[in-house]
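Notes for the one structure printed next.
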Amino acid sequence: MNDAAQAPTPAPRRARVRAPELIGKGGWLNTGGKDYTLADLRGRIVILDFWTFCCVNCLHVLDELRELEERHRDTVVIIGVHSPKFVHEAEHQAVVDAVERYEVEHPVLDDPELATWKQYAVRAWPTLVVIDPEGYVVAQHAGEGHAHAIETLVAELEAEHEAKGTLRRGDGPYVPPEPVATDLRFPGKALRLPGGTFLVSDTTRHQLVELAADGETVLRRIGSGERGFGPDAFSEPQGLALLPDGKVAVADTVNHAIRTFDPETGEVATVAGTGKQWWQGSATSGPAREVDLSSPWDVAWWQDRLWIAMAGVHQLWTYDPATETVEAVAGTTNEGLVDGPAAEAWFAQPSGLAAGGDRLWVADSETSAVRWLDTDLVVHTAVGTGLFDFGHRDGDAAQALLQHPLGVTALPDGSVAVSDTYNHALRRYDPATGEVSTLATDLREPSDAVLVGDEGSGDPEIVVVESARHRLTRLRLPEEAVRVESVAHRTQRAATEVGPGKLSLDVIFQAPAGQKLDLRYGPSTRLLVSSTPPELLASGDGADTDLSRELVLADGVTEGVLHVSAMAASCDDDPAVEYPACHVHQQDWGVPVRVVEGGTGRLALVLAGMDEASAE
């Protein structure tokens with residue numbers, strides 16, 4: 024061989040930025056009490072996962088990373104940087120609970136003041152940042168669908184730094200917490216069975232649990248308790264609904280499926296979903312067992328169909344047992360609060376459903392809203408204003424505030440009880456008066472409630488799923504509402520200061536190594552832009568295929584939120600493969616902006632890769 028043939032393949036050239044230090048006032052979890060700096064992690068490939076536990080897309084990424092984490096345990100350290108959106112998420116104990124609830128098996132830095140978030144200029148949940156063994160940022164990815172690209176990059180970094188002698192293998196810093204013995208562990212939803220017992224989704228233990236009528240005594244457990252998709256396994260089940268044939272529909276959330284459980288025989292079956300997560304471009308209707316779903320969170324029987332709160336794609340779907348088909352009915356997959364005909368409406372992580380006569384009530388968690396669908400399939404908002412306003416305020420529904428509600432329960436008088444999860448309260452909305460009141464406080468992350476007792480006596484009781492207290496709690500519905508001190512909040516992220524007039528929007532997407540944009544069927548990218556208020560943009564809103572766009576900010580509007588949704592599809596670049604594997608990368612951003620003289624004229628959002636303008 025000649026010398027050229029023997030020369031080693033040069034390491035790929037990458038833009039590199041020195042990684043800022045990791046800072047978080049809440050301290051470290053899952054490390055056995057030890058604090059870490061980047062210097063302690065030198066020699067390892069570090070992946071920072073900026074997440075917050077309210078965000079379903081963040082939960083998807085946790086699941087995407089599990090296999091990579093296991094395969095590269097001796098070279099890769101994943102660190103979750105918990106960066107709260109809601110006030111409740113800034114509470115340290117709430118983060119501790121979430122780390123256990125979602126089985127996070129890597130160190131977590133609790134950053135309640137968004138210090139590290141700001142240092143890394145993160146703009147969206149979830150965002151992944153890859154740091155090489157020498158302490159440089161080499162890639163950033165926003166949104167979901169990047170596991171394959173990161174796996175490829177990790178392999179390259181392992182080879183490159185092994186050759187340089189800068190890779191350090193060994194055990195990581197993860198130290199698991201001590202398990203706690205309770206009958207339930209972060210239960211999600213509950214259902215009263217015809218015999219008077221309760222069926223509860225024991226979410227963190229991947230089981231269903233039947234409790235006696237007292238709500239405490241365990242009668243039986245359904246499921247092995249290990250994650251799985253077999254006839255005896257679930258993966259973080261949530262919503263439950265009684266079907267006309269006596270079976271129970273189960274939203275098997277992380278399996279992306281609808282299962283049924285027969286209380287008489289104990290049999291578990293899959294009726295909808297493939298076990299794979301739905302991605303843009305996938306089918307939105309068809310034979311139920313052949314269509315992918317995305318994190319179904321709750322289910323309810325209404326208008327002769329099973330309705331599904333498809334939290335993962337911000338939609339409502341239906342399952343028809345008669346035809347064994349599913350269909351997307353409401354929502355566009357864009358995240359936000361827009362009313363109107365079902366196919367045009369926007370939701371934001373719908374997580375609770377309740378059938379109430381001619382209304383299907385919806386707990387729309389990320390907009391801190393209660394919505395409803397009428398029989399003409401038109402979406403209305405009862406309480407809530409959008410993605411960034413929340414709090415605990417009673418009174419007229421137009422100005423009332425909730426904080427990330429996960430459950431709704433139809434009451435006999437036509438009103439609805441709201442499991443106001445992050446306010447630790449049970450609230451009530453009365454359509455007759457348009458008023459919101461508080462029924463109970465000092466609950467711990469209530470996620471659902473079930474009406475019990477003699478509903479005709481005027482003295483019903485309600486059983487609340489106190490998820491973070493791992494129990495069901497029985498309450499008597501009060502005649503008088505509890506009085507609470509009103510408080511209002513906005514998401515605490517600092518607004519980006521932009522100059523008046525023209526604003527260049529650049530979504531950064533670099534196809535991962537070994538991949539190229541998929542152009543076989545036309546453009547493989549999509550960019551959708553809108554704003555709150557709509558008057559913020561004089562031009563530049565709407566959909567197109569170019570990931571760069573010139574926006575024009577309207578005169579006289581000094582602040583608002585830019586909503587940017589981007590998608591790019593890339594495929595493995597191997598001419599020898601007739602049908603290469605393809606990967607979809609997508610993310611929604613809500614960017615608060617303030618218009619000031621001297622503000623920036625460019626807004627860069629990284630979908631995948633590095634913004635060369637900021638790299639050194």
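The working numbering puts the sequence shown at residues 24 to 639.
From the three backbone atoms N, C-alpha and C, an ideal C-beta is built for every residue, glycine too.
Boundaries of the beta strand (DSSP E) around residue 265: 260 to 265.
The C-beta distance from residue 313 to residue 288 rounds to 26 angstroms, too long to fall under 8 angstroms, and the pair is not in contact. Beta-bridge pairing by DSSP links residue 330 to 323 and 341. Taking C-beta atoms as the reference points, residue 631 and residue 95 fail to come closer than 8 angstroms. Taking C-beta atoms as the reference points, residue 76 and residue 123 fail to come closer than 8 angstroms. The beta carbon of residue 323 is closer than 7 angstroms to those of 264, 330, 376, 377, 378 and 383 in its chain, skipping five residues each way along the sequence.
Restricting attention to 619, 451 and 266, the CA atom closest to the CA of residue 345 is found in 266.
Between the C-alpha atoms of residue 98 and residue 518 there is a straight-line separation of about 37 angstroms. Taking the Cα positions, residue 120 is about 43 angstroms away from residue 523.
Between the stretch 181 to 198 and the stretch 58 to 68, the count of C-beta pairs closer than 8 angstroms reaches three or more; the two stretches touch.
Looking from the CA of residue 360, the closest CA among 53, 373, 390 and 222 belongs to 390. Judged by beta-carbon spacing, residue 309 lies within the 8 angstroms limit of residue 348, meaning their Cβ atoms are closer than that value.
Residue pairing by DSSP leaves residue 270 without any beta bridge partner. Where residue 139 is concerned, the enclosing alpha helix (DSSP H) starts and stops at 138 to 142.
Judged by pairs of C-beta atoms under 8 angstroms, the stretch 589 to 596 touches the stretch 547 to 555, as three or more such pairs exist. By the C-beta criterion, the stretch 198 to 216 is judged to be in contact with the stretch 487 to 503, since at least 3 inter-stretch pairs fall below 8 angstroms. Of the candidates 237, 278 and 239, the residue whose Cα lies closest to the Cα of residue 257 is 278. Annotation: residue 228 is outside any beta strand (DSSP E) and is labelled neither H nor E by DSSP. Boundaries for residue 116: no beta strand (DSSP E) harbours it, while the alpha helix (DSSP H) harbouring it runs 115 to 124, taken from the DSSP string.
The three-state secondary structure of residue 46, taken from DSSP, is coil. Here the alpha carbon of residue 405 sits roughly 14 angstroms from the alpha carbon of residue 430.
Of the candidates 387, 531, 129 and 203, 387 places its Cα closest to the Cα of residue 373. Under the three-state reduction of DSSP output, residue 277 falls in the helix class. Only buried fits residue 220, as 16 or more other CB atoms lie within 10 angstroms of its CB. Inclusion of residue 525 and residue 575 in the CB contact set at 8 angstroms is warranted, their separation being smaller than that value. Taking the CA atoms as reference points, residue 595 sits about 16 angstroms from residue 179. Leaving aside the five residues that flank residue 607 on each side, the residues in its chain whose CB is nearer than 8 angstroms to its CB run, in chain order, 168, 302, 303, 304, 590, 591 and 592. Note: residue 548 is bridge-paired with 591 in the DSSP secondary-structure output. According to DSSP, residue pairing for residue 214 in a beta bridge involves 222. Bounds of any beta strand (DSSP E) do not take in residue 170; it lies within the alpha helix (DSSP H) bounded by 170 to 187. Per DSSP, residue 471 is not a residue of any alpha helix (DSSP H); the beta strand (DSSP E) it occupies stretches across 469 to 475. Residue burial annotation: residue 442 is buried, with at least 16 other C-beta atoms found within 10 angstroms of its C-beta. Setting aside the 5 residues that flank it on each side, residue 356 is surrounded in the same chain by 303, 336, 337 and 338, each with a C-beta closer than 8 angstroms to its C-beta; the list follows chain order.
Where residue 79 is concerned, there is no enclosing beta strand (DSSP E), although the alpha helix (DSSP H) around it starts and stops at 79 to 94. Considering only 159, 158, 471 and 619, the residue with the shortest C-alpha distance to residue 433 is 471. The beta carbon of residue 566 is closer than 6 angstroms to those of 551 in its chain, skipping five residues each way along the sequence.
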